[in-house]
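The numbering used here puts the first residue of the sequence shown at 1031, with every later residue one more than the last.
Virtual Cβ for every residue (Gly too), placed ideally from N, Cα, C.
Computed from a predicted structure; not experimentally measured.
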Amino acid sequence: MISATGGRFRTGSASSSSRYWTVIAFLIALPVMGSLLMIVLSLFYPDAEVMQHLLRFVLLRITWNTLLLVVGVSLLAGAIGVVLGWITAMYEFPGRRFFNWALLLPMAVPGYVMAFVVVGLFEYAGPIQSLLREWFGPEIWFPHVQSRLGLVVVMSLALYPYVYLLARNAFLTQGRRALEVGQSLGLTRREGFFRVALPMARPWIAGGLMLVIMETLADFGTVSVFNYDTFTTAIYHSWFSLYSINSALQLAFFLLLLVFLVIAFERKLRGRTAYHSRMSPVAARRRLTGSPKWLASAFAGLVLIAGFGLPCLQLLIWAVQYGQLDSRFLSTGLRTLMLATTAAVFITALALVLVYALRNAGSNARIAGRIATLGYALPGTVLAVGIYTQMAGVNGFLNDLLQSLTDTSPRLFLQGTVLSMLLAYLIRFLAVAFQSVDAAMQRLTMGIDESARSLGIGGWSLLAR
1031 MISATGGRFR TGSASSSSRY WTVIAFLIAL PVMGSLLMIV LSLFYPDAEV MQHLLRFVLL
1091 RITWNTLLLV VGVSLLAGAI GVVLGWITAM YEFPGRRFFN WALLLPMAVP GYVMAFVVVG
1151 LFEYAGPIQS LLREWFGPEI WFPHVQSRLG LVVVMSLALY PYVYLLARNA FLTQGRRALE
1211 VGQSLGLTRR EGFFRVALPM ARPWIAGGLM LVIMETLADF GTVSVFNYDT FTTAIYHSWF
1271 SLYSINSALQ LAFFLLLLVF LVIAFERKLR GRTAYHSRMS PVAARRRLTG SPKWLASAFA
1331 GLVLIAGFGL PCLQLLIWAV QYGQLDSRFL STGLRTLMLA TTAAVFITAL ALVLVYALRN
1391 AGSNARIAGR IATLGYALPG TVLAVGIYTQ MAGVNGFLND LLQSLTDTSP RLFLQGTVLS
1451 MLLAYLIRFL AVAFQSVDAA MQRLTMGIDE SARSLGIGGW SLLAR
């Protein structure tokens, strides 16, 4: 579900308006298109020896490893996110108000941080296994933590909030409608969930899973901690060990092909199904009693502790133990917060404009929508090179232009400014904002737009209101 358009949205009534919004969509996609162009152009400059080595010994293995990882993380993160979204939206149990927002906290813990905390705690020389050997003897068996299963669990704990956030929003906005429809068909509450509520929430869940998949494909730090080879590790190895940036970019091209296959598969499953619905009141939560209420609290608490509490506690222990606390962290944290806030506002605003543009533009704009959200699947270093190269080109052009106009040497350095970072964040995280806005926009039929236009409200005024 990478495009807000499909068979369900009609083009704007005026062809000029459609062309206008198509141009807007392509302008938003322009930074991503520049980075993708670099990757495509690299195909014309192959490093024959390196690529022969990669094709013969690496490509098949990393493709299989990557596919297994994507499937495992998608299934586990999707299951955790949907279950937590359902119970927090539809049931009342001890701690629900706290878990509503606290279950998003694992998003604040980078996957690679969670990975080295888990490995440090559960490896052979770590405190957990050492304590177990002390209690039960040296022969006690313990599963190998740096395994594919361990990696899937860690990445799922880090990424499930994407699914949880969107799924919970879907269940909340559906209100009583899903369960009422199920009951009218003679279904039990459980059957109503699987046969009515879950299908109605599919756009939200699919959007969350797409983010999980692209995050998994682009991850480098977590898989490196677990010594697990994927496309991203091969890209870094080609670049920094084999010193072939062209080969790295060509592997990134194969990674993009994999993303396209995932997107095409999801769109094939979705087909032309429409997901419009009228707004309904928020569901009255059913109060759990007895053991179910404690099981719900225990499950939510266990996920939160494993995904956020344990990593943060261990990091704090290590910081105190090794004296790594520094007052400079405060100023660094404040700068990070300011940059993150600016980027969040900037990216969300452009995501809203992009979704609205695709809603009102012609079929050509769908291409821009798909391209604009591909950057989330690219490794950060590839994006950094793409942005740096583009900004360096713009910087050189502006320097030459200003020098010819003013007879001075302005010495601009745009690639070292906050603007470059914001553009990099835009490429990397536009898909995250896009999926949330797109899923919400699907609930609004084109009849709402037409009614507004009949009242003389359209274009940017309609978007603002």
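Contact under 7 Å by Cβ, VAL1149 with VAL1183
Their beta carbons are not under 7 Å apart, which means VAL1149 does not touch VAL1183 by this criterion.
Helix, strand or coil for VAL1153? Go by DSSP, reduced to three states.
The amino acid occupying residue 1153 in the given sequence is Glu; Val does not appear at that position. Under the three-state reduction of DSSP, GLU1153 is assigned to coil, being neither helix nor strand.
Report the option in MET1244, GLY1363 and TRP1324 whose CA atom is closest to the CA atom of LEU1408.
Residue nearest to LEU1408 within the set MET1244, GLY1363 and TRP1324 is MET1244 (criterion: CA-CA distance).
Closest by CA to VAL1448, which one among THR1372, VAL1412 and GLN1433?
Distance check between VAL1448 and each of THR1372, VAL1412 and GLN1433 places THR1372 closest, using alpha-carbon atoms only.
For ARG1049, which three-state DSSP category applies?
ARG1049: helix per DSSP, three-state reduction.
What is the DSSP secondary structure of ARG1317, reduced to helix, strand or coil?
DSSP places ARG1317 in the strand class (E or B) of the three-state scheme.
Report buried or exposed for GLN1503, applying the criterion of at least 16 other Cβ atoms within 10 angstroms of its Cβ.
Since the first and last residues shown for the chain are 1031 and 1495, residue 1503 lies out of range.
Can you tell me where the alpha helix (DSSP H) holding PHE1250 begins and where it ends?
Neither: PHE1250 is in no alpha helix (DSSP H) and is coded neither H nor E.
Any alpha helix (DSSP H) of 4 or more consecutive residues that is wholly inside the stretch 1172-1207:
Correct list: 1178-1204.
Less than 7 Å between the beta carbons of TRP1165 and LEU1196, yes or no?
One thing to note: TRP1165 has its Cβ no nearer than 7 Å to the Cβ of LEU1196.
On a CA-only basis, which of TYR1386, ALA1381, PHE1427 and ARG1441 is nearest LEU1460? Give me that one, please.
Of TYR1386, ALA1381, PHE1427 and ARG1441, the residue nearest in Cα terms is ALA1381.
Taking 6 Å as the cut-off, is the CB of VAL1184 close to at least one heavy atom of the ligand NAP?
Among the components of this structure there are no ligands whatsoever, and the ligand NAP is therefore not found.
My output table needs one value for TYR1352: the three-state DSSP class, helix, strand or coil.
For TYR1352, the three-state secondary structure derived from DSSP is coil.
According to DSSP, is TYR1386 part of a helix, a strand, or is it coil?
When DSSP states are grouped into helix, strand and coil, TYR1386 belongs to the helix group.
Would you please state the rounded distance, in angstroms, between the beta carbons of MET1068 and LEU1279? I believe it to be under 8 Å.
Right, the Cβ-Cβ distance comes to about 7 Å (below 8 Å), so this counts as a contact.
Under the DSSP definition of a beta bridge, which residues are partnered with TYR1121?
BP columns for TYR1121 point to ARG1316.
Whole angstroms are fine: how far does the CA of TRP1171 sit from the CA of LEU1162?
For LEU1162 and TRP1171, the distance between alpha carbons rounds to 9 Å.
Could you check where the alpha helix (DSSP H) with VAL1448 kicks off and where it finishes?
Unbroken alpha helix (DSSP H) run through VAL1448: 1448-1471.
At least 3 beta-carbon pairs within less than 8 Å: the stretch 1206-1224 vs the stretch 1441-1455:
Contact between the stretch 1206-1224 and the stretch 1441-1455 is absent, with fewer than three C-beta pairs closer than 8 Å.
8 Å contact criterion, which VAL1103 and MET1185 should meet: CB distance rounded:
Yes, they are in contact, since the Cβ atoms of VAL1103 and MET1185 sit about 5 Å apart, within 8 Å.
Quick check: what's the CA-CA separation for MET1240 versus GLU1169?
It is roughly 43 Å from the alpha-carbon of MET1240 to the alpha-carbon of GLU1169.
In angstroms with no decimal places, state the Cα-to-Cα distance between PHE1087 and PHE1261.
Distance between the alpha carbons of PHE1087 and PHE1261: 13 Å.
Member of VAL1383, ILE1401, ALA1336 and GLN1344 whose CA lies at the smallest distance from the CA of LEU1287
Of the candidates VAL1383, ILE1401, ALA1336 and GLN1344, the one whose C-alpha sits nearest the C-alpha of LEU1287 is ILE1401.
Counting Cβ pairs, one atom from each stretch, are 3 or more of them under 8 Å apart for the stretch 1069-1089 and the stretch 1264-1281?
Yes, since at least three Cβ pairs between the stretch 1069-1089 and the stretch 1264-1281 fall closer than 8 Å, the two stretches touch.
Please say whether ILE1457 and GLY1410 have beta carbons closer to each other than 7 Å?
Against a cut-off of 7 Å, the Cβ pair of ILE1457 and GLY1410 comes out as no contact.
Starting from MET1081, trace the alpha helix (DSSP H) both ways and give me its first and last residue.
Following the DSSP letters along the chain, one finds MET1081 inside the alpha helix (DSSP H) bounded by residues 1078-1083.
Smallest Cα separation from VAL1255: which of MET1421, VAL1143, SER1327 and SER1450?
Considering only alpha carbons, the answer is VAL1143.
Since GLY1238 and GLY1111 are thought to touch, with beta carbons under 8 Å apart, how far apart are those beta carbons, to the nearest angstrom?
Contact between GLY1238 and GLY1111 holds, since their C-beta atoms are separated by about 6 Å, short of 8 Å.
With three or more C-beta pairs closer than 8 Å as the rule, is the stretch 1311-1330 touching the stretch 1113-1125?
Judged by Cβ distances under 8 Å, the stretch 1113-1125 makes contact with the stretch 1311-1330, as three or more pairs qualify.
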